[in-house]
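Residue numbers for the sequence shown follow our numbering, so the first one is 200 and each next one is one higher.
Beta carbons: idealized from backbone N, C-alpha and C, even for Gly.
Treat the numbers as computed from the prediction; the structure is a model and nothing was measured.
Below is one structure, written out as structure tokens, with a few remarks after it.
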Amino acid sequence: MVNDKGYYGEFGGAFIPEMLYPNVEELRRCYVEVSESDDFQKDFRRLLKDYVGRPSPLYLAERLSEHYQTNIYLKREDLNHTGAHKINNTIGQILMAQRLGKKRIIAETGAGQHGVATATVCALMGVECIVYMGEVDIERQAPNVGRMKMLGAEVRPATSGSKTLKDATNEAIRDWINNPEDTHYIIGSVVGPHPYPDMVARFQSVISEEMLWQLEEQTGKEDPDIIVACVGGGSNAAGSYYHYLNKENVRLIAVEAAGMGIHSGESAATSVLGTKGVIHGSRTLLMQTEDGQIIEPYSISAGLDYPGIGPMHAHLIDTGRAEAISITDEDAVKAAFFLARTEGIIPALETAHAFAALDVLEYRKDDIIVINLSGRGDKDLAIFSKYFDQHE
Ligand SMILES: *Cc1c(COP(=O)(O)O)cnc(C)c1O
Numbered sequence: 200m201v202n203d204k205g206y207y208g209e210f211g212g213a214f215i216p217e218m219l220y221p222n223v224e225e226l227r228r229c230y231v232e233v234s235e236s237d238d239f240q241k242d243f244r245r246l247l248k249d250y251v252g253r254p255s256p257l258y259l260a261e262r263l264s265e266h267y268q269t270n271i272y273l274k275r276e277d278l279n280h281t282g283a284h285k286i287n288n289t290i291g292q293i294l295m296a297q298r299l300g301k302k303r304i305i306a307e308t309g310a311g312q313h314g315v316a317t318a319t320v321c322a323l324m325g326v327e328c329i330v331y332m333g334e335v336d337i338e339r340q341a342p343n344v345g346r347m348k349m350l351g352a353e354v355r356p357a358t359s360g361s362k363t364l365k366d367a368t369n370e371a372i373r374d375w376i377n378n379p380e381d382t383h384y385i386i387g388s389v390v391g392p393h394p395y396p397d398m399v400a401r402f403q404s405v406i407s408e409e410m411l412w413q414l415e416e417q418t419g420k421e422d423p424d425i426i427v428a429c430v431g432g433g434s435n436a437a438g439s440y441y442h443y444l445n446k447e448n449v450r451l452i453a454v455e456a457a458g459m460g461i462h463s464g465e466s467a468a469t470s471v472l473g474t475k476g477v478i479h480g481s482r483t484l485l486m487q488t489e490d491g492q493i494i495e496p497y498s499i500s501a502g503l504d505y506p507g508i509g510p511m512h513a514h515l516i517d518t519g520r521a522e523a524i525s526i527t528d529e530d531a532v533k534a535a536f537f538l539a540r541t542e543g544i545i546p547a548l549e550t551a552h553a554f555a556a557l558d559v560l561e562y563r564k565d566d567i568i569v570i571n572l573s574g575r576g577d578k579d580l581a582i583f584s585k586y587f588d589q590h591e
């Protein structure tokens, strides 16, 4: 889908400071050739199988299907090592960094999930790992900070601005500018300058690659009618759509966080509220004021709390190939409780938004719907527990 300058239609590209050009250009030149080489693929496939635990199951959720009067399959990314899809990408990028001779890894993290996945692969490979995280997020996400430290990573607080994800990203970029020779920057979603969105989508595409044969095995055909995924930056959505992008018979549903309500001022529904602009190195849809200042996003789920979306999703939504749905905090929490008590699966708060979409989505009784279950909800129990009395 992407052209060689990194554009998906009018979105994408590489808007970077001059000082970053050598790093990004080196990656752009190498990423396809390296990641498609036999040697890389051998390591990537082995680690996905024996370390991450892939293939992740495709599970027919019978009680959920009965309730919604259709056929719902869950792609169980929550069962991966570290509890979400993010590890697929960090395994790919650490192998890429090795091939490029990089000895030092930096990353940014909001909720800490990408930080944990990065710290994990750095420990696995024995390389130095520095994770930038907003000071506010360090306080809010203490368990993940503990995990990163346990894994040997250094967590550096970002103390400027709102002290959250975008400030951590700025710090990571500053670090990369200062350490161009030996450092690789592992970005955690399909965002950032080209080639990151395409590279991350390729690493995550293992999800839809498995769906093809798992659906064939279980239903007799490769194609579902509908694929539903939540969208923060868009990496789990990109991975679950990837092999179906050119199959127009498959509907792609992107579920965003509406926070307290789309127009409440406390939201992260970028496809509705966003306008065209440049954020973190690519041209995409983002939430900004008339003079281009980024508007602080809000969602109960830290993983969807991002002011932009990846350029691929901006393009898919702009052209009508994907349909966007926005779900409030309240409906997401409700859907998480319902899934827990219907199927015995506690989803991540991010993922719960995708499940809530079942209440607003139009579908037929004989449709096959795949929901990408991007992560498990253990990390969110402190938040869920505030709602226990409403769900007795
Ligand atoms: C980080 C995260 C997300 C959001 O990121 P994407 O890049 O949009 O996938 C969604 N679900 C879980 C469980 C996450 O950890």
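- Those residues having their beta-carbon less than 7 Å away from any non-hydrogen atom of ligand 1 are, in chain order, Ala-283, His-284, Lys-285, Ala-310, Gln-312, His-313, Gly-387, Ser-388, Val-389, Cys-429, Val-430, Gly-431, Gly-432, Gly-433, Ser-434, Asn-435, Ala-436, Gly-502, Leu-503, Ala-547, Glu-549, Thr-550, Ser-573, Gly-574.
- In this structure, Lys-302 sits near Asp-381, with a CB-CB distance shorter than 8 Å.
- Within the region 518-579, the complete alpha helix (DSSP H) runs of at least 4 residues fall at 528-542, 548-555.
- Tyr-230 and Tyr-331 have their C-alpha atoms spaced approximately 24 Å apart.
- Judged by DSSP in its simplified three-state form, Met-200 adopts coil rather than helix or strand.
- Ranked by Cα distance from Ala-283, the options Ile-376, Gly-311, Gly-212, Gln-340 are led by Gly-311.
- Ranking Arg-482, Glu-225, Ile-567 by CA distance to the CA of Thr-418 puts Ile-567 first.
- Note on the region 234-314: whole beta strand (DSSP E) runs with a minimum of 3 residues are 257-259, 270-275, 303-308, in chain order.
- The beta carbon of Val-449 lies closer than 8 Å to those of Asp-422, Pro-423, Asp-424, Ile-425, Ile-426, Tyr-443 in the same chain, with the five residues before and after it left out.
- About 5 Å separates the beta carbon of Phe-210 from that of Thr-483, a gap short enough to meet the 8 Å contact definition.
- In this structure, DSSP gives Glu-465 a state outside helix and strand, which the three-state scheme calls coil.
- Buried is the label assigned to Thr-363, since at least 16 other Cβ atoms lie within 10 Å of its Cβ.
- Pairing Ile-526 with Arg-401, the inter-Cα distance amounts to about 27 Å.
- In the DSSP assignment, Gly-458 falls outside any alpha helix (DSSP H) and within the unbroken beta strand (DSSP E) covering 450-458.
- Assignment of Lys-365 by DSSP, reduced to helix, strand and coil, places it in the helix class.
- Here Ala-436 carries a helix assignment [DSSP, helix/strand/coil].
- For Ala-213, the three-state secondary structure derived from DSSP is coil.
- Bounds of any beta strand (DSSP E) do not take in Ala-501, whose DSSP letter is neither H nor E.
- For Lys-475, DSSP records a beta bridge to Leu-484.
- Distance from the CA of Lys-533 to the CA of Arg-540, rounded to the nearest whole angstrom, comes to 11 Å.
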